[in-house]
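If you read the sequence shown in my numbering, its first letter stands for residue 1, the second for the next number, and so on. Idealized CB from N, CA, C, for every residue including glycine. Worksheet: the structure to be examined is printed underneath.
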Amino acid sequence: MGIGKSSSLLDYLRFGAFYFKDESYIESLRRTGLFNDLQKARFIIFVSTIRERDERFLQELNAKCPGEPPYNKNILDLIRSGENIVTTQSLFGFFNDETIEAFRKSDCVYHAFFDEIPSLFRGVIGGAQRPDTFDGITRFGTADVLLMQQEHMIVQKNGIVEFNPDCDYNRKSKEYKVFDAVKNLSRSCTLYPSGDRDGRFTSIVAFAKRELFACFKFCWFFSYLTRGSMLHKYCLLNDINMEYCHIKSRLMMRNPDGEYTEIYPEGMERLVILDDKLFNMESSLSKEWYKRLRTDKTGRGLKTLKTRFQNAYAFMRAHGVRGNTFMFTTFNAYKDMLQSDGKHYPTLKRFLPCNTKATNDYSNCTGVAYLCNRFFDVNCTNFLSQRAKEQNIPELEFDNDNYALSELLQFIWRSNVRVKDSDKPVYVWVPDKRMRRLLQDFRQRALESKGKSL
């Protein structure tokens, strides 16, 4: 969010204890009697992109990255050798029991740093709502989950679903091999039962294993609006203590009593939020709306959206925005519906995925269009709601508004608003009513906190 979190992290690592790799030096410190508890500290950093890893972190730190595929195997050698490591968030998704064992057996104590919240919710088996793509575990339906229970492939123990290695499935032929996807998932995830039909659960919700984090001395997560986020819910679900910090003058500082405080990014006063019937849509720009739009033979909804797009871009052009200073997004699966020849609004060359984070490549942009209404996976939110009631922990209920606002702000802050020494206005078009209201309310709170008014 333009507050210098990556710079602060680099400073923290450069001047921390992570570079004391000489064992004789560490031993000499222990002999003084003042450093008896000194441990061989190492770090592992998870960044969003390969470019960020190679062009920034590896250039500025004494660290290594997994060099050759298979990367999930290559990283085991780095851990066993006690190296400082920089890798990508995507590789974290492949960590499993073998990775956990390598960290636990290491004679170094690793601290983990995540330059954004990693993927903690990993998917649903037999979910009520299917995603846009059908691969891996998403191919399974409720009938498959019931079949796995009937065949004793999976069993429920203490509220957790476990794969049964002694079931007949392991000795049966090819027709059951499709369930290997579930067996493999159980190696890197904790599986929870969800739903009920005649005493059997109807779906399985997968989260990253708690043990993946327990093998580190500390885990640091550098993100925004973390209270109410999936990280917050994951910690509640797994009984993990969280403390909140903030960055000030490139220093990582603990909040008073470690409690959460809403801190507003700089530059909110520069946002010009378009709000007029010429720009606004009455429809909710959700994934379901786009899905219906694709099959709508009348084409009215798409025509209205494109007209609003033309109006918004014409307004921005009148205020100095050009094609190379404009960026827009919608759901990846439906971006082709907004294909343009560039006459009325920019082509897909100015498109970014709606979950874009951790890039400064668009900091020249003074025009932003956000054409989607964001909600987290409904299977996951239903599961958390169920758990909140069962365990009497209201905070487990997922806050979709907090999620949507966080995603929207992250996208907008790829633009020129992140440039501290710029005074240019940044024009933001959010045609969906819910998303626009979330942004407007947040902006109002930010300005009020600084003693300003709209």
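Assuming residue i contacts residue j under a Cβ cut-off of 8 Å, what Cβ separation, rounded to an integer in Å, is found between them?
i           : j           : result
residue 272 : residue 428 : 7 Å
residue 126 : residue 141 : 6 Å
residue 348 : residue 335 : 6 Å
residue 447 : residue 269 : 6 Å
residue 88  : residue 53  : 6 Å
residue 251 : residue 8   : 7 Å
residue 396 : residue 236 : 5 Å
residue 209 : residue 226 : Not a contact, Cβ separation roughly 21 Å.
residue 376 : residue 354 : Incorrect: roughly 13 Å between the Cβ atoms, too far for contact.
residue 168 : residue 151 : 7 Å
residue 310 : residue 345 : 6 Å
By the DSSP assignment, the beta strand (DSSP E) with residue i in it spans what residues?
i           : result
residue 122 : 121-125
residue 162 : 160-163
residue 178 : From DSSP, residue 178 is part of no beta strand (DSSP E); its letter is neither H nor E.
residue 221 : 219-221
Return helix, strand or coil for residue i, following the three-state DSSP convention.
i           : result
residue 42  : strand
residue 191 : strand
residue 367 : strand
residue 34  : Reliability fails at residue 34, whose pLDDT of 49 lies under 50, so the model's placement of it is uncertain and the value that follows must be treated cautiously. Three-state DSSP puts residue 34 in coil, outside helix and strand.
residue 99  : helix
residue 307 : helix
residue 226 : coil
residue 245 : strand
residue 142 : helix
residue 318 : helix
residue 156 : strand
residue 5   : helix
residue 297 : coil
residue 64  : strand
residue 114 : strand
residue 351 : strand
residue 446 : helix
residue 323 : helix
residue 167 : coil
residue 399 : coil
residue 358 : coil
residue 432 : coil
residue 394 : helix
residue 340 : coil
residue 285 : coil
residue 421 : coil
residue 279 : coil
residue 266 : coil
residue 530 : Here the chain covers residues 1 to 454 and nothing more, so residue 530 does not appear.
residue 57  : helix
residue 93  : coil
residue 451 : coil
residue 239 : coil
residue 259 : coil
residue 290 : helix
residue 345 : coil
residue 151 : coil
residue 437 : helix
Starting from residue i, follow its DSSP beta bridges and name the residues at the other end.
i           : result
residue 413 : BP columns for residue 413 are empty, so no partner.
residue 271 : 426
residue 329 : 370
residue 47  : 88
residue 200 : 197
residue 109 : 41
residue 380 : BP columns for residue 380 are empty, so no partner.
residue 208 : 189
Would you mind reading off the limits of the alpha helix (DSSP H) that contains residue i?
i           : result
residue 254 : Taken as a continuous stretch (DSSP letters only), residue 254 belongs to no alpha helix (DSSP H), being part of the beta strand (DSSP E) at 251-254.
residue 214 : 211-214
residue 71  : 71-80
Quick check: the stretch 236-252 against the stretch 280-298, are at least 3 beta-carbon pairs closer than 8 Å? no
Three-pair Cβ contact test at 8 Å for the stretch 87-106 versus the stretch 147-156: no
Does the stretch 112-120 come into contact with the stretch 221-228, if we say contact requires no fewer than three beta-carbon pairs (one atom in each stretch) closer than 8 Å? yes
Inter-stretch contact at 8 Å, needing at least 3 Cβ pairs: the stretch 194-208 / the stretch 379-393: yes
I'd like to know if the stretch 439-446 and the stretch 401-420 are in contact, where contact means that at least 3 CB-CB pairs between them fall below 8 Å. yes
Does the stretch 364-383 come close enough to the stretch 315-327 that 3 or more CB-CB pairs lie under 8 Å? yes
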